[in-house]
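Okay, structure first, notes after.
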Amino acid sequence: MKKLHAALFAACLLGASPLAFAEAVNLNNSAEGANRDAGITAVKKKLQDACTERKGTPDAESFEVVFEKTSENPDVPKPYYVDGKMKCNLPD
316 MKKLHAALFA ACLLGASPLA FAEAVNLNNS AEGANRDAGI TAVKKKLQDA CTERKGTPDA
376 ESFEVVFEKT SENPDVPKPY YVDGKMKCNL PD
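In structure tokens form, the structure reads like this:
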């Protein structure tokens with residue numbers, strides 16, 4: 316019976332924590348880079364910055380490239396284009 320009470324108490328504490336009421340949203344953005352790695356790095360930074368500007372916590376593990384394209388024009392300084400998305404955990 317004591318184990319049941321301890322489990323219920325722990326569940327109540329977890330349920331009352333601020334993280335339990337956080338909202339997760341998906342952010343989308345795009346960026347360009349000199350190559351694929353630079354484009355991905357740039358879009359990740361934009362997404363993380365957008366999340367923290369909203370007082371959220373970016374979930375870097377959720378980052379995903381949704382579209383990428385390389386320009387065939389040799390005069391383009393940043394020929395690699397990347398669209399990405401990332402989850403952002405917002406406080407209530």
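The opening position of the sequence shown corresponds to residue 316 in this note's numbering, with each subsequent residue numbered one higher. No residue lacks a Cβ here, since even glycine has one placed at the ideal position from N, Cα and C.
- In the structure shown, the three-state DSSP call for Asp374 is strand.
- The distance from the Cβ of Asn404 to that of Thr372 is about 5 Å, consistent with a contact at the 8 Å cut-off.
- DSSP, reduced to helix, strand and coil, places Glu387 outside both helices and strands of the structure shown, so it counts as coil.
- Short of 6 Å from the beta carbon of Asp398, and not among the five residues preceding or following it, lie these beta carbons of its own chain, in chain order: Ser345, Val381 and Phe382.
- Of the candidates Ser386, Ser377 and Asp390, the residue whose Cα lies closest to the Cα of Ala339 is Ser377.
- For the pair Asp407 and Ala337, the CB atoms are nearer than the 9 Å cut-off.
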